[in-house]
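Residue numbers (my numbering): -8 to 439.
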Ligand code: S3P
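Written out as structure tokens, the structure reads:
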């Protein structure tokens, strides 16, 4: 069955270690890797990618791009080429597009397929089947997409008949979500005229940056105090471009927090993307008193990157404002782990979007904290974690609910807790960070 989780669950434990030491470069950014495949498909000619994240999520997007007509080849580690068909040139897929665990891949590709007169069926694993897709379908329907099939509540499996000529629309996203924004912009590529997306809180801007880089006519203006207004002129000819993918800050978060909480640690994480719409965790950790030093800020693949030297630090609890959420949306589980070692309470405000990630992350984090003797409270959509001043009991077994970031966060906790921390399944870590285990082991982590 295509939607079943194909591998049986594999539990893993993280045992306390004396310190973490060394250098590493985490794999390429997941958001940019998905988009590299998609922009390759939508350009006429050959796009080359360096540093692609070869995680399951991105490979699913690559498979979907192939089903829509792209010729995709792996030329070496992280080196891929995509022979695209161009906007308007997509072929109707002959089989279900199975996105596995990938919310980003499925949602962005709904936009791509929705902007073409083809019928396509979207599906995924048990986690993806629980995720709300109405937020994507609503604007796409306004653009002329027909939803031929959907499961209860606007969920996968979903079958779409794309619009022959999508309507250019003006749309204000109901939540700060780069996935909603991107689905609209990707469908709008085949629309005649100007499509406008307004977001009241700026979300990651990789789609906009790559649209401009591949030759689309796009402009971005500030909107209100934290928002943006994005205007895209449809039907450009995208030209294939070389893409260099910087290291994923959302993956770097795990060794960074592991080094901060494990006494005596000193770790350098290389080439981390420093796009300000992705660095909310770093800002927060610095406010908590983390010893993180930027070593060599430079530009790689059109993004600021830096090497980060991270040393074990005594952290203090802080209040994290809701406005910061979009810039660290995937990092709250590992921030909760850092907060567990701090002095005092860390309050994370406005976490409602965490409930609709690969799992209900608010519930999954809460259960993981409880299992490991960490005091916390949930007040509405806010999470309060009471720090143990470097002392955390651990010893728990954490339910991961097919969520890679829950698994990695609690394995990080195990590096520094008094007792080993177990997760009930490690297999889905391969969706975003397939080399997590060996890279953490090379720093001195003890997973068994
Ligand atoms: C992503 C956007 C975020 C994030 C996800 C990747 C993207 O989701 O959680 O991991 O690449 O656009 P939302 O846009 O739904 O917040």
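Each residue gets a CB set at the ideal place from its N, CA and C atoms; glycine is no exception. Just so you know, these numbers come straight off a predicted model, no measurement behind them.
Between residue i and residue j, what straight-line distance do the alpha-carbon atoms span, to the nearest angstrom?
i	j	result
residue -7	residue 256	Legend: pLDDT at residue -7 = 41, less than 50; position of this residue unreliable, value from coordinates given subsequently. Straight-line Cα distance between these residues: approximately 43 Å.
residue 213	residue 219	4 Å
residue 432	residue 215	46 Å
residue 358	residue 342	16 Å
residue 152	residue 396	33 Å
residue 106	residue 186	13 Å
residue 83	residue 33	14 Å
residue 50	residue 88	12 Å
residue 120	residue 350	11 Å
residue 348	residue 266	22 Å
residue 268	residue 166	15 Å
residue 386	residue 402	11 Å
residue 0	residue 320	26 Å
residue -5	residue 21	Model confidence at residue -5 stands at a pLDDT of 45, short of 50, so the residue's coordinates are unreliable; what they give is reported in the following sentence. Distance between the alpha carbons of residue -5 and residue 21: 23 Å.
residue 128	residue 62	28 Å
residue 274	residue 260	16 Å
residue 199	residue 96	16 Å
residue 328	residue 304	14 Å
residue 330	residue 277	12 Å
residue 345	residue 424	20 Å
residue 217	residue 9	42 Å
residue 332	residue 301	16 Å
residue 113	residue 400	29 Å
residue 326	residue 283	15 Å
With distances taken Cα to Cα, identify the nearest neighbour of residue i among the options.
i	options	result
residue 334	383, 289 and 346	383
residue 67	338, 60, 44 and 82	44
residue 306	280, 344 and 322	280
residue 323	420, 356 and 116	356
residue 202	217, 226, 408 and 345	226
residue 380	408, 392, 389 and 110	408
residue 125	98, 27, 85 and 145	145
residue 293	117, 425, 205 and 393	205
residue 80	58, 260 and 133	58
residue 104	353, 134, 228 and 311	134
residue 99	177, 114 and 330	177
residue 148	338, 131 and 117	117
residue 289	298, 110 and 37	298
residue 209	217, 197 and 224	224
residue 337	353, 310 and 372	310
residue 353	370, 179 and 102	370
residue 4	74, 418 and 388	388
residue 161	181, 190 and 418	190
residue 111	159, 158, 60 and 419	60
residue 159	102, 326 and 115	102
residue 73	31, 109 and 287	31
residue 136	287, 296 and 179	179
Would residue i and residue j be called neighbours here (beta carbons separated by less than 8 Å)?
i	j	result
residue 243	residue 414	no
residue 236	residue 24	yes
residue 150	residue 140	yes
residue 247	residue 172	no
residue 13	residue 239	no
residue -2	residue 29	no
residue 138	residue 164	no
residue 313	residue 340	yes
residue 174	residue 229	no
residue 156	residue 183	yes
residue 372	residue 2	no
residue 38	residue 69	no
residue 398	residue 419	yes
For residue i, which residues in the same chain have their Cβ closer than 7 Å to its Cβ, ignoring the five residues on either side in sequence?
i	result
residue 11	249, 250, 253, 256, 258, 406, 434, 435 and 436
residue 6	405, 411, 437 and 439
residue 367	357, 360, 374, 375, 376 and 377
residue 270	240 and 318
residue 428	438
Less than 6 Å between C-beta atoms, sequence neighbours within five positions excluded: which residues of the same chain meet that for residue i?
i	result
residue 77	35
residue 422	46, 47, 48, 92 and 395
residue 71	40, 43 and 65
residue 169	194 and 195
residue 234	27 and 40
residue 55	88 and 100
residue 392	350 and 355
Tell me which residues share the same chain as residue i and place their Cβ nearer than 8 Å to its Cβ, disregarding the 5 neighbours each side in the sequence.
i	result
residue 85	58
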